[in-house]
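Sequence positions in the sequence shown follow full-length UniProt numbering and run 1 to 681. Backbone N, C-alpha and C define an ideal beta-carbon position, used for all residues, glycine too. Working notes, beginning with the structure itself.
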Amino acid sequence: MPGSEIDREQEYVATLYARLDAMREEAAERLAAAGDREAAGVWRAEVARLDAVEQGLCFGRLDLHDGRRVYVGRLGLFRGEGGEPLLVDWRVPVAQAFYTATANAPDGVRRRRRITTRGRTVVALDDELLNPDGAVDDGLVGEAALLAAVTAERTGRMRDIVSTLQSEQDRIVRHESGGVLVVQGGPGTGKTAVALHRVAYLLYTRPLLRTRGVLVVGPSRVFLDYIGQVLPGLGENSVVTTTIADLRPDVEVSRVDPPGTVEFKGAAVMAERLAAAVRSRVRVPDHPVDIEFEQQVLRLGPRECGRALRKARRTGLPHNQARLVFHREIVEVLARRLIAEMEAVVLTETGEAIDGGSPDGRLGEADLRALAAAGVVIDQDDGPRTLSDEIDRTGLRDSLLADTGVRAVLDMLWPPLTPERVVSDLLGERADGWSAADIPLLDEAAALLGAGQATFGHVVVDEAQELSEMDWRMLMRRCPSRSMTVVGDLAQTGSPAGTASWDRVLRPHVGDRWRLAGLTVNYRTPSEIMAATADLLAVHHPGTPPLRSVRSTGEPPWRIGTSRTGLIATVADLATVHTDGQLGIIAPNDLVEPLAAALSLAVPPDLTGEAVLLTPAQAKGLEFDSVLIADPAGILGAAAQGHNDLYVAMTRATRRLGIVHPGRPPAELAALRELGRPGWP
1 MPGSEIDREQ
11 EYVATLYARL
21 DAMREEAAER
31 LAAAGDREAA
41 GVWRAEVARL
51 DAVEQGLCFG
61 RLDLHDGRRV
71 YVGRLGLFRG
81 EGGEPLLVDW
91 RVPVAQAFYT
101 ATANAPDGVR
111 RRRRITTRGR
121 TVVALDDELL
131 NPDGAVDDGL
141 VGEAALLAAV
151 TAERTGRMRD
161 IVSTLQSEQD
171 RIVRHESGGV
181 LVVQGGPGTG
191 KTAVALHRVA
201 YLLYTRPLLR
211 TRGVLVVGPS
221 RVFLDYIGQV
231 LPGLGENSVV
241 TTTIADLRPD
251 VEVSRVDPPG
261 TVEFKGAAVM
271 AERLAAAVRS
281 RVRVPDHPVD
291 IEFEQQVLRL
301 GPRECGRALR
311 KARRTGLPHN
321 QARLVFHREI
331 VEVLARRLIA
341 EMEAVVLTET
351 GEAIDGGSPD
361 GRLGEADLRA
371 LAAAGVVIDQ
381 DDGPRTLSDE
391 IDRTGLRDSL
401 LADTGVRAVL
411 DMLWPPLTPE
421 RVVSDLLGER
431 ADGWSAADIP
441 LLDEAAALLG
451 AGQATFGHVV
461 VDEAQELSEM
471 DWRMLMRRCP
481 SRSMTVVGDL
491 AQTGSPAGTA
501 SWDRVLRPHV
511 GDRWRLAGLT
521 VNYRTPSEIM
531 AATADLLAVH
541 HPGTPPLRSV
551 RSTGEPPWRI
561 GTSRTGLIAT
571 VADLATVHTD
581 GQLGIIAPND
591 LVEPLAAALS
601 LAVPPDLTGE
611 AVLLTPAQAK
621 GLEFDSVLIA
631 DPAGILGAAA
641 QGHNDLYVAM
651 TRATRRLGIV
661 HPGRPPAELA
671 ALRELGRPGW
681 P
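So, in structure tokens, the structure goes:
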């Protein structure tokens, strides 16, 4: 590309940054002058948004057949207030052609130019001329820019792909599904990046969504740290990110359940068991219950209890709210009875007292105490009279509710409950702490009892194949509109409570309001590594179609055998001599601590380090320049889904894959090239 062309683009890019600086300065002034917290929050968010788009502000240009020239970038910039557009946001309709135009369907585009910048400097241009009369181009759009991105060294943080979105990815980003969109794709297809770009697109095209909120759920905090810069880089800072466990921040996870227990707790039938456990705590006595109030005995019958229970249940309220209705009904019964007894303390026509009054018609001591408890002071100087007009009925009810004896009986009949008590009583696990599999059970119990929960207008679920049926119930409660973007790969399910069918986990909640979109091209993993997974897939997922990798590195994966006692030392030697990019070391759980000690690596992992040690579960969704797998047989045998965990581990690399196995290799890996001695080929 002639230098003068780069110079011209540099001049234009400088204009864009000057406009960005002016906007940033204005936002900072507005923030400093903000007179209240709400205004300050708005301008603080605007300053953050403008700061986040600094890198790669402008990344493309479209030359259209009608003579227009459109620059595409991370946000829209205009020449002055309401002036002509200098830069269009990648989410607006006119920018879509930047991702979808091809030679046989140019969509009005004559030339597409990709602009590469380093800081504020233009360093490269990549032009594609699109001729509608030319040959059909079934290849990837902008392949040069794409390959530059996927072969760049990893930094421990996910990059956005806004400048290299491919056509099948862009279709999903702009999908207008009103329900649940499931994005199914194998390793390296860009599922996570597509989902995050879809969030940015939805927030741009549906402004109301900003007020209702967006929740992004990831498999681990490690993963959320990894993707943490993507949305800010797209100009979005208001999205909430969390894991399933962090949806209950009041619960500390301190225990790991065995696989069978995880599967048991994750089944949808646990919701029925919890509901039955809550219902069983409410009881109607089969004989009258005596309640002492101010030295009087009030008798409560089973029929009255049953009537109050049915009225409370008909409200449809959760347990603890319906309990208040039940208590109110019982107290009303007691108050009416007490009032009737008080009003009956008068003289008959023959001068005899009724129901325990004194012979002269005056109130007895017990009557006076009951009235005093209700806050009613009686002057008896006027002689006998009926008391209904004197009694403060509200005060009497309050006194009954405040009485410890009355409350003890009410709580015996319909007790207050906590989620922790319901779950621990059902499981019989009181002193062992909570596991991750307990989180959705506690959340279900909280919903049954009436605890409030924050809700969102849209929810994104990454690595969604790992969620149990109870996890899905937990998420659906937080998204009443059932508007979701769900991404995952059923061939990578590692949890024993995870899913093998999207329809099975979604249909109970959304019926047929879900759509499946597939990603079929592997942009990350070299063809040599994908070929190495063929035997593993053939044995465990015989119907899974192979992914098409866009590139080849010429470096086939390899394996090296060692002894069980020499495993740690062999892995340490290979990690020490690795110098080309970021290395991910993936090992079964029982090897993490000894490997961390031998290599002085952080646990939990530090994703920005030159070498990172992880389990297969922690590695989900991540990528590294090179990957070294320690003890593949240990990964295979650690769980019923161990083959999926090994598949995950094998497909995290963008360049090289090595495997260290004690003894004979698993049959699924036997065909890999074997090295005679440790060392990276």
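Between the C-alpha atoms of residue i and residue j, what's the straight-line distance to the nearest angstrom?
i      : j      : result
Ala353 : Ala322 : Only weak support exists for where Ala353 lies, its pLDDT of 49 falling under 50; the coordinates are left without a value.
Gly119 : Thr15  : 14 Å
Arg313 : Pro288 : 21 Å
Ala572 : Phe59  : 41 Å
Gly561 : Arg673 : 11 Å
Ala18  : Pro496 : 54 Å
Gly395 : Ile330 : 15 Å
Ala534 : Arg37  : 58 Å
Ile635 : Asp645 : 7 Å
Asp66  : Gln55  : 31 Å
Met23  : Ala491 : 47 Å
His197 : Val162 : 7 Å
Val539 : Thr121 : 51 Å
Ala569 : Ala598 : 8 Å
Met158 : Trp414 : 52 Å
Arg210 : Thr565 : 56 Å
Pro85  : Tyr201 : 19 Å
Glu304 : Asp225 : 58 Å
Tell me whether the beta-carbon of residue i lies closer than 8 Å to the beta-carbon of residue j.
i      : j      : result
Thr192 : Gly621 : yes
Arg74  : Gly581 : no
Val325 : Leu334 : no
Thr116 : Val13  : no
Gly235 : Val53  : yes
Val256 : Trp434 : no
Leu607 : Val592 : no
Arg659 : Arg524 : The sequence as given places Ile at residue 659; Arg does not occur at that position. Result no, Cβ atoms of Ile659 and Arg524 do not sit closer than 8 Å.
Gly301 : Arg513 : no
Arg248 : Ile529 : no
Pro219 : Asp503 : no
Lys265 : Ala437 : yes
Ala28  : Val47  : yes
Gln184 : Gly428 : no
Can you check which of these residues, the options, is closest to residue i by C-alpha distance?
i           : options                        : result
Gly518      : Thr418, Asp170, Met474, Gln10  : Asp170
Val216      : Gly235, Asp246, Gly233, Gly543 : Asp246
Val278      : Asp286, Arg210, Leu426, Tyr12  : Leu426
residue 684 : Thr315, Glu341, Leu338         : In the structure displayed, the chain extends from 1 to 681; residue 684 sits before or after that span and is not available.
Ala640      : Val42, Glu329, Pro259          : Pro259
His661      : Leu567, Leu62, Arg91           : Leu567
Thr455      : Glu466, Glu469, Met484         : Met484
Ala95       : Glu9, Phe78, Arg61             : Arg61
Gly457      : Ala34, Ala152, Val239          : Val239
Val123      : Asp21, Met476, Asp471, Glu11   : Glu11
May I ask which residues mark the beginning and end of the beta strand (DSSP E) holding residue i?
i      : result
Val53  : No beta strand (DSSP E) holds Val53; DSSP gives it neither H nor E.
Trp514 : 514-519
His458 : 458-461
His661 : 653-662
Arg69  : 69-73
Thr242 : 240-243
Apply the 10 Å Cβ neighbour rule to residue i and answer buried if 16 or more other Cβ atoms are within range, or exposed otherwise.
i           : result
Asp432      : exposed
Gly584      : buried
Val486      : buried
Met650      : buried
Ala587      : buried
residue 683 : There is simply no residue 683 to check, as the chain begins at 1 and stops at 681 in what is shown.
Ala135      : Since pLDDT at Ala135 reaches only 38, below the 50 mark, its modelled position is unreliable, and the value read off the structure follows with that caveat. It counts as exposed.
Gly554      : exposed
Arg677      : exposed
Glu668      : buried
Glu466      : buried
Gln166      : buried
Ser399      : buried
Val459      : buried
Thr164      : buried
Where do the ends of the alpha helix (DSSP H) carrying residue i lie?
i      : result
Ile161 : Note, Ile161: premise wrong, no alpha helix (DSSP H); not H, not E.
Gln453 : No alpha helix (DSSP H) holds Gln453; DSSP gives it neither H nor E.
Val122 : From DSSP, Val122 is part of no alpha helix (DSSP H) but of the beta strand (DSSP E) over 121-129.
Ser626 : Here Ser626 belongs to no alpha helix (DSSP H); instead the beta strand (DSSP E) covers 624-630.
Could you tell me whether the Cβ of residue i comes closer than 8 Å to any Cβ of chain B?
i     : result
Ala40 : Absent here is chain B; the protein component of the structure consists of one chain.
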